[in-house]
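Participant:
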Amino acid sequence: MIGLGTYAFFWQLSDRNPRPMTLPEAFQATCDLGVGLHQICDYAPLEQMDDAELADSAAAAKDLGLVIELGTKGIEPGHLTRFLEIAARFDATLIRSMIYGPDSRPKLEEAHQWLTKTMPAFEAAGVTLALETYEQLPTADLVTLVEDVGSENLGICLDPGNVVARLENPQTCVEQVADLTCAVHVKDYAFARQPGWVGFTYSGAPMGAGLHDYPHLLRTVRPRERGINEVVEHWLPWQDDPETTIRTEREWTRTAVDYLRSTT
């Protein structure tokens, strides 16, 4: 299933927007594109919502017929337990996270201990935990960690663009994690020369216009045959003013959705 994540609405939700979009408005914008899944990922207000606010947000998604996934950072047992509670509110069956959180950087041994402690609760709840590929942890270490914990409800959220900052090859990352992938983040990326030819900027690009060999990912991971959701997000730099930035963000989202629908 195609989905839109919070990072597809990054600037629309941000305080740099004169009137930041609300979460129900993001849900509606998702539906307006004919998309049936929304991943609330790294959306700080979610953790601060009280029971009534969570109930209202969940009701808004349900009224629109949206499937909801969640996303956070960190794997501390208490933190993941809290997100399991939030997931129950939304009937969410997938939570994306990262090994490191804002206040924690566990060694691999400690990460293994935490996940071993926490995964039985995920299994009982029928929720999958998807740990994302990213530059702060070698992909090989992430694969080893997931394999060693050995839970059917623990997998990998594949975002090959992230690993370039470790000088890892995105296609190699795709091949390393293919069998363990249970979620995909969809964004394109490219390098651009800095003025004066003194270095490069690595940033986002409209889907299909950058360096991401997405057909290779489709062939290798087979997300559609395996029922793995493809969630759109962006690395869109600020475009000088809110109006241009928000318009461009919406254009990139439409481009990404059209791209996914056109590929087989």
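In the numbering used here, the protein residues as written are 223 to 486.
All residues carry an ideal CB built from backbone N, CA and C; glycine is no exception.
#1: Can G227 and C253 be called in contact, C-beta distance under 9 Å?
#2: Taking the alpha-carbon of T477 as reference, which of V408, T442, K284 and A362 has the nearest alpha-carbon?
#3: Whose CA, out of T303, E452, E471 and G296, lies closest to the CA of T486?
#4: From Q461 to P417, what does the alpha carbon distance come to, in whole angstroms?
#5: How would you write the range of the alpha helix (DSSP H) that L235 sits in, first residue to last?
#6: Could you give the distance in angstroms between the alpha-carbon of G300 and the alpha-carbon of E275?
#7: Kindly indicate the opening and closing residues of the alpha helix (DSSP H) around V368.
#8: How many angstroms separate the CA atom of G372 from the CA atom of I378?
#9: For A309 versus A347, is the C-beta spacing smaller than 9 Å?
#10: Do D480 and the ligand ZN come close, with the Cβ less than 8 Å from some heavy atom?
#11: Which of the three DSSP states is assigned to S226 in this structure?
#12: Determine the burial state of E447: buried for a count of at least 16 other Cβ atoms within 10 Å of its Cβ, exposed for fewer.
#13: Which ranges would you report for the beta strand (DSSP E) in the stretch 376-418 if only whole runs of at least 3 residues count?
#14: Is it true that the CB of G383 sits closer than 9 Å to the CB of W474?
#15: If contact is defined by three or more beta carbon pairs under 8 Å, each pair taking one atom from either stretch, is the stretch 347-360 in contact with the stretch 311-320?
#16: Less than 9 Å between the beta carbons of F305 and T294, yes or no?
#17: Pull the bridge partners of C263 from the DSSP assignment, please.
#18: Note the first and the last residue of the continuous beta strand (DSSP E) segment covering I317.
#19: Here's a check: name, in chain order, each residue in its chain whose Cβ is nearer than 6 Å to the Cβ of L302, leaving out the five neighbours to either side.
#20: I'd like to know whether the C-beta atoms of V349 and L402 end up nearer to each other than 9 Å.
#21: Are the CB atoms of L268 and L245 nearer to each other than 9 Å?
#22: Does the distance from the CB of F249 to the CB of L292 come in under 9 Å?
#23: Find the nearest neighbour of H334 within the set E307, A314, V365 and L316, judged by alpha-carbon distance.
#24: Reducing DSSP to helix, strand and coil, say where T355 ends up.
#25: For G296, which residues of its own chain have a beta-carbon under 6 Å away from its beta-carbon, when the five flanking residues on both sides are left out?
#26: Can you grab the Cα-Cα spacing for the pair P392 / A412, in whole Å?
Facilitator: Result, derived from the coordinates:
#1: In the sequence shown, counting from the first residue as 1, residue 227 sits at position 5. In the sequence shown, counting from the first residue as 1, residue 253 sits at position 31. In terms of Cβ geometry, G227 and C253 do not form a close pair [threshold 9 Å].
#2: On the sequence shown, residue 477 is found 255 positions in, with the first residue counted as 1. Of the candidates V408, T442, K284 and A362, the one whose C-alpha sits nearest the C-alpha of T477 is V408.
#3: Walking along the sequence shown from the start, residue 486 turns up at place 264. That would be E452, whose Cα lies nearest to the Cα of T486.
#4: Along the sequence shown, read from residue 1 onward, the residue named residue 461 stands at position 239. Along the sequence shown, read from residue 1 onward, the residue named residue 417 stands at position 195. Straight-line Cα distance between these residues: approximately 17 Å.
#5: Here residue 235 corresponds to residue number 13 of the sequence shown, with the count starting at 1. In the DSSP assignment, L235 falls within the unbroken alpha helix (DSSP H) covering F232 to L235.
#6: Against the sequence shown, residue 300 aligns to sequence position 78. Against the sequence shown, residue 275 aligns to sequence position 53. So the alpha carbons of these two residues sit roughly 21 Å apart.
#7: On the sequence shown, position 146 is the one that residue 368 refers to. Judged by DSSP secondary structure, V368 falls within the alpha helix (DSSP H) whose first and last residues are T361 to V371.
#8: As a first step, residue 372 must be located in the sequence shown, where it is residue number 150. As a first step, residue 378 must be located in the sequence shown, where it is residue number 156. About 12 Å.
#9: Sequence index remark: in the sequence shown, residue 309 carries index 87 (1-based). Sequence index remark: in the sequence shown, residue 347 carries index 125 (1-based). In contact: A309 and A347 (Cβ atoms closer than 9 Å).
#10: This structure does not include the ligand ZN; it has no bound ligands of any sort.
#11: Your numbering for residue 226 matches position 4 in the sequence shown. Inspection of the sequence shows that residue 226 is occupied by Leu rather than by Ser. Strand, per DSSP.
#12: As a working mapping, residue 447 is identified with position 225 in the sequence shown. By the 16-neighbour rule on beta-carbons within 10 angstroms, E447 is exposed.
#13: Complete beta strand (DSSP E) runs here, min 3: 376-380, 403-408 and 410-415.
#14: Translated into positions along the sequence shown, residue 474 becomes position 252. Translated into positions along the sequence shown, residue 383 becomes position 161. It is not a contact, given that the beta carbons lie outside the stated cut-off.
#15: Touching, yes.
#16: Counting from one through the sequence shown, the residue named residue 305 turns up at place 83. Counting from one through the sequence shown, the residue named residue 294 turns up at place 72. With respect to T294, F305 sits close: the two C-beta atoms are nearer than 9 Å.
#17: Numbered from 1 along the sequence shown, position 41 holds the residue referred to as residue 263. Beta-bridge partners assigned by DSSP to C263: G293.
#18: The residue you call residue 317 lines up with position 95 of the sequence shown. If you look at I317, you'll find it in the beta strand (DSSP E) that goes L316 to S319.
#19: Start at 1 with the first residue of the sequence shown, and residue 302 comes out as number 80. Residues T340 of the same chain have their beta carbon placed closer than 6 Å to that of L302, with the five preceding and five following residues left out of the count.
#20: Locating residue 349 in the sequence shown gives position 127, where the first residue counts as 1. Locating residue 402 in the sequence shown gives position 180, where the first residue counts as 1. Cβ atoms of V349 and L402: not closer than 9 Å.
#21: Counting from one through the sequence shown, the residue named residue 268 turns up at place 46. Counting from one through the sequence shown, the residue named residue 245 turns up at place 23. Contact check for L268 against L245 passes: the beta carbons are separated by less than 9 Å.
#22: One-based indexing of the sequence shown puts residue 249 at position 27. One-based indexing of the sequence shown puts residue 292 at position 70. No, they are not a contact pair.
#23: Along the sequence shown, read from residue 1 onward, the residue named residue 334 stands at position 112. Scanning E307, A314, V365 and L316 for the CA closest to the CA of H334 turns up V365.
#24: Residue numbering aside, residue 355 sits at position 133 when the sequence shown is read from its first letter. Reduced to three states, the DSSP call for T355 is coil.
#25: Against the sequence shown, residue 296 aligns to sequence position 74. Taking G296 as the centre and dropping the five residues before and after it, the same chain places the C-beta of G323 and S326 closer than 6 Å to its C-beta, in chain order.
#26: The residue labelled residue 392 in the question sits at position 170 within the sequence shown. The residue labelled residue 412 in the question sits at position 190 within the sequence shown. Each residue's alpha carbon lies about 12 Å from the other.
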